[in-house]
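Going by the working numbering, the sequence shown opens with residue 34, and the numbers climb by one from there.
For every residue, glycine included, the Cβ atom is placed at its ideal position computed from N, Cα and C.
Computed from a predicted model, the values in this text were never measured in an experiment.
To start, the structure itself, in structure tokens.
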Amino acid sequence: MANHIQVYNPASGELIKEVPMNTKEQINQSLANGHMEFKKWSRTDAHTRSKLLKDWSRVIQENKEKIAEVMTLENGKPLKESIGEVNYATSYIDWYAEEATRIYGRTVPASSPSKRIIVNRQPIGLVAAITPWNFPAAMMTRKAAPALAAGCTFIVKPAEETPLTTMKLIELAHDVGIPKDAIQYVNGNGPEIGSLFTDSEHVRKITFTGSTPVGKTLIRNSADTVKHVTMELGGHAPLIVAEDADLDFAVTQTIISKFRNAGQTCVCANRVIVHENIIDSFSEKLAKAVSTLKVGHGLDNDTDIGPIINEKGYRKIVNQVNDALDKGAEVLVGNKFSANKEQDTYFVHPTILQNIDESMNIMHEETFGPVIPLVSFKEIDEAVELANHTPYGLAAYFFTNDYRVGTYLQEHLDFGIIGWNDGAPSGAHVPFGGMKESGLGREGGAEGIEPYLETKYVSVGGY
Ligand code: ADP
């Protein structure tokens, strides 16, 4: 392994920091330490764990501005979004600090008077997490908080692009007294650390947020030791605007859904499917609003859209746009790109494409960038068919005030998260996760602690 990860500002290409990469021996030692610590942490009472999580949340909030600035520097997102993400990240800690004290077992009536039956919940063991660069704080805390709350120990490998936010958060956890080996980070190359995690007999669960191909590899590699897995993978969210929708509201919400983090989220609307009778007025309003969005450095106050994280992400977006244009799409807004090869910085101006059809890659591949393809539909089942025509099943959005259309859509869309007149349905108190190739399991809400718990049934006989 090389010695250091170099963390760059994607808006300027400046080197922010060099972070030491851990060796294989160090990582295996950290896994052994996490495993040893589990014996102690799992026996800490739930109220103490809850209190420590609350302290962690508080100290993160006290350092919010500093953490947000680091996040903007390494990820590129506008500072206001980084502040929002720190709040979002602590909301998971707050939620699971409460859930820690509500992990209930139950008793079951026995089939014989001489028996008693008890069903206990207990933490599953050491949890290994791999997180992405697009939400360097929240993707970690929504795994770490339920793990620690349940009594599991936790180790994370943050994305190479954005390790600094995660490292800072974990240092703060140690500052408030969460044991060093109960929550750890390791840094290095994804595939190498991934294999150390999946091969380790100490790790009982892998939790991953990232791309579908990497998720599939982790699932495969977890099979030999039969680890639990939670997978938050790619998405290809449809956003349907029905004929009766409130268009101004739908436009505002489409922008919220599409352009957060420069379109680099797995729940960003990726296909906007609009009823043919309103598509002209909807696109006119959308184009007007999108034209006002400012592209720039995240630390500039008026920036709405920051840089694309790296050249690979940028190329993917450019290729999808070019493919659509080659096949007959038209540009309504944008199609402007600024790449500086020397600095290694890449910006994509918000773009709307119309005259889209299903032959175009943008209708099938996750874009992860600020580009909207607009498609029209006539009948509502046609919209559903179009929306479901993807191996992904993470988020779907629709806009209608007709309860019959809404009920039909929410029942027929094969997605784990549905926003009905809501472009931003995420939250710590709700179960986030996908169907089909978008993942396995849920994070957040009451569901989000379940993957960190085993069920143990005890039959007491001879009474
Ligand atoms: P992206 O292409 O958007 O960076 P990835 O799925 O490649 O998405 O990355 C998400 C996380 O997965 C990062 O922390 C990355 O280092 C890690 N990663 C990449 N490849 C592997 C792999 N083969 N095994 C385990 N983790 C990996």
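For the alpha helix (DSSP H) containing ILE49, list its first residue and its last residue. Within the sequence shown, the letter at position 16 stands for residue 49. It is not in any alpha helix (DSSP H) - ILE49 instead sits in the beta strand (DSSP E) that spans 48-53.
Could you give the first and the last residue of the continuous beta strand (DSSP E) run that contains GLN39? Taking the first residue of the sequence shown as position 1, residue 39 is located at position 6. Note, GLN39: beta strand (DSSP E), 37-41.
Can you tell me whether DSSP reads PHE168 as helix, strand or coil? As a first step, residue 168 is located in the sequence shown; it is residue number 135 there, counting from the start. Here DSSP, grouped into helix, strand and coil, assigns PHE168 to coil.
May I ask which residues mark the beginning and end of the beta strand (DSSP E) holding PHE230? The count along the sequence shown starts at 1 and reaches residue 230 at position 197. Annotation for PHE230: no beta strand (DSSP E) segment contains it, though the alpha helix (DSSP H) segment containing it runs 223-232.
Give me, in chain order, the residues of the same chain whose beta-carbon lies closer than 7 Å to that of LEU86; leave out the 5 immediate sequence neighbours on both sides. Counting from 1 along the sequence shown, the entry for residue 86 is found at position 53. Cβ neighbours of LEU86 beyond the five flanking positions: ILE126, TYR129, ALA130, ALA133, ALA178, LEU181, ALA182.
Nearest to ALA192 by CA position, among SER244, ILE163, THR174, is which residue? Walking along the sequence shown from the start, residue 192 turns up at place 159. Checked all of SER244, ILE163, THR174; the closest Cα to ALA192 is ILE163.
For SER492, list the residues DSSP reports as bridge partners. Counting from 1 along the sequence shown, the entry for residue 492 is found at position 459. Its beta-bridge partners are ILE150.
Start-end ranges of the beta strand (DSSP E) lying completely within the region 265-352, minimum 3 residues: For the region 265-352, the full-length beta strand (DSSP E) segments reaching 3 residues or more read 270-274, 302-308 along the chain.
Would VAL152 be called buried (16 or more neighbouring beta carbons within 10 Å of its own) or exposed? Numbered from 1 along the sequence shown, position 119 holds the residue referred to as residue 152. For VAL152, the number of other beta carbons within 10 angstroms of its own is below 16, and it is reported as exposed.
Kindly indicate which three-state DSSP category THR186 falls into: helix, strand or coil? Taking the sequence shown and counting its residues from 1, one reaches residue 186 at position 153. In the structure shown, THR186 adopts extended strand secondary structure according to DSSP, grouped into three states.
Taking just the CA atoms, how far does LYS99 sit from GLU375? In the sequence shown, the residue the question calls residue 375 occupies position 342. In the sequence shown, the residue the question calls residue 99 occupies position 66. CA-CA distance, GLU375 to LYS99, rounds to 29 Å.
MET34 to THR56, Cα distance in whole Å? In the sequence shown, the residue the question calls residue 34 occupies position 1. In the sequence shown, the residue the question calls residue 56 occupies position 23. Here the model assigns MET34 a pLDDT of 45, short of 50, so the residue's position is not dependable, and the following value carries that caveat. Note on geometry: alpha-carbon atoms of MET34 and THR56 lie some 7 Å from one another.
Cβ distance (whole Å) where MET104 is taken to contact ALA171 below 8 Å: Indexing the sequence shown from 1 puts residue 104 at position 71. Indexing the sequence shown from 1 puts residue 171 at position 138. Between MET104 and ALA171, the beta carbon gap of about 10 Å keeps them out of contact (Cβ cut-off 8 Å).
Residue span of the beta strand (DSSP E) that contains LEU26, given as start and end: A question about residue 26 goes unanswered here, because the residues of the chain that appear run from 34 up to 496.
Let me check understanding here. Comparing Cα to Cα, which of GLY268, THR423, GLY402, VAL381 lies closest to SER471? Residue 471 sits at position 438 when you count from the first residue of the sequence shown. Ranking GLY268, THR423, GLY402, VAL381 by CA distance to the CA of SER471 puts GLY268 first.
Just how far apart, CA to CA, sit GLY449 and GLY474? Along the sequence shown, one-based indexing puts residue 449 at 416. Along the sequence shown, one-based indexing puts residue 474 at 441. Looking at the two C-alpha atoms, the distance is approximately 10 Å.
Rounded to whole angstroms, what's the CA-CA distance from VAL305 to TYR137? Just pull it up for me. Here residue 305 corresponds to residue number 272 of the sequence shown, with the count starting at 1. Here residue 137 corresponds to residue number 104 of the sequence shown, with the count starting at 1. About 43 Å.
Neighbour flag for GLY426 against chain B, beta carbons, 8 Å: Among the protein chains of the structure shown there is no chain B, as only one such chain exists.
Below 8 Å on the Cβ atoms is my contact criterion, and I expect GLY339 with ALA44 to pass it. Report the Cβ-Cβ distance as a whole number of Å. Within the sequence shown, residue 339 is the residue found at index 306, counting from 1. Within the sequence shown, residue 44 is the residue found at index 11, counting from 1. That pair is a contact at about 6 Å.
What separation, rounded to the nearest whole angstrom, lies between the Cα atoms of THR123 and ALA101? The residue given as residue 123 occupies position 90 in the sequence shown. The residue given as residue 101 occupies position 68 in the sequence shown. Taking the straight line from one Cα to the other gives about 12 Å.
Closer than 7 Å: is that where the CB of LEU251 sits relative to any heavy atom of the ligand ADP? As a first step, residue 251 is located in the sequence shown; it is residue number 218 there, counting from the start. Answer for LEU251: yes, Cβ within range of the ligand ADP.
Within 10 angstroms of the Cβ of THR423, are there 16 or more other Cβ atoms? Answer buried if so, exposed if not. Start at 1 with the first residue of the sequence shown, and residue 423 comes out as number 390. Per the 10 Å Cβ criterion, buried.
Helix, strand or coil: how does DSSP classify TYR137 here? To locate residue 137, count along the sequence shown from 1; it is residue 104. Coil at TYR137, not helix or strand.
Here's the rule: buried if 16 or more other CB atoms are within 10 angstroms of the residue's CB, otherwise exposed. What is GLU107? Position 74 of the sequence shown, counted from the first residue, corresponds to residue 107. GLU107 comes out buried.
Where does PHE71 sit, in a helix, a strand or coil, going by DSSP? Indexing the sequence shown from 1 puts residue 71 at position 38. In the three-state scheme derived from DSSP, where H, G and I count as helix and E and B as strand, PHE71 is classed as helix.
Grab the span of the alpha helix (DSSP H) containing ALA44 for me, first residue to last. Sequence index remark: in the sequence shown, residue 44 carries index 11 (1-based). Careful: ALA44 lies outside any alpha helix (DSSP H) and carries neither H nor E.
Using the three-state DSSP reduction, which class does GLU412 fall into: helix, strand or coil? On the sequence shown, position 379 is the one that residue 412 refers to. When secondary structure is reduced to three states using DSSP, GLU412 falls in the coil class, being assigned neither helix nor strand.
Touch test, the region 396-414 against the region 294-308, Cβ-Cβ under 8 Å, three pairs minimum: The region 396-414, when compared against the region 294-308, does touch it at the 8 Å Cβ threshold.
Element boundaries [alpha helix (DSSP H), containing TYR121]: Within the sequence shown, numbered from 1, the residue matching residue 121 stands at position 88. Per DSSP, TYR121 belongs to the alpha helix (DSSP H) from 112-132.
Closer than 7 Å to a non-hydrogen atom of the ligand ADP - does that hold for the CB of LYS190? Position 157 of the sequence shown holds residue 190. Correct: LYS190 has its Cβ closer than 7 Å to the ligand ADP.
Measuring straight from C-alpha to C-alpha, what distance separates GLY223 and LYS190? Here residue 223 refers to the residue found at position 190 of the sequence shown. Here residue 190 refers to the residue found at position 157 of the sequence shown. Roughly 8 Å between the two C-alpha positions.
Residue environment, TYR425, which counts as buried when at least 16 other CB atoms sit within 10 Å: As a working note, residue 425 is residue 392 in the sequence shown. A residue is called buried when at least 16 other Cβ atoms come within 10 angstroms of its Cβ; TYR425 meets this threshold and is buried.
Per DSSP, cross-strand counterpart(s) of ASN373: Counted from its first residue, the sequence shown places residue 373 at position 340. As DSSP reads the structure, ASN373 sits in a beta bridge with THR378.
Going by CA-CA distance only, name the one from GLU480, LYS97, LYS201, THR186 that's closest to PRO212. Position 179 of the sequence shown, counting from 1, holds the residue named residue 212. Closest by alpha carbon: THR186.
To the nearest angstrom, how far is the alpha carbon of ALA461 from that of ILE150? As a first step, residue 461 is located in the sequence shown; it is residue number 428 there, counting from the start. As a first step, residue 150 is located in the sequence shown; it is residue number 117 there, counting from the start. Rounded to the nearest angstrom, the two C-alpha atoms are 34 Å apart.
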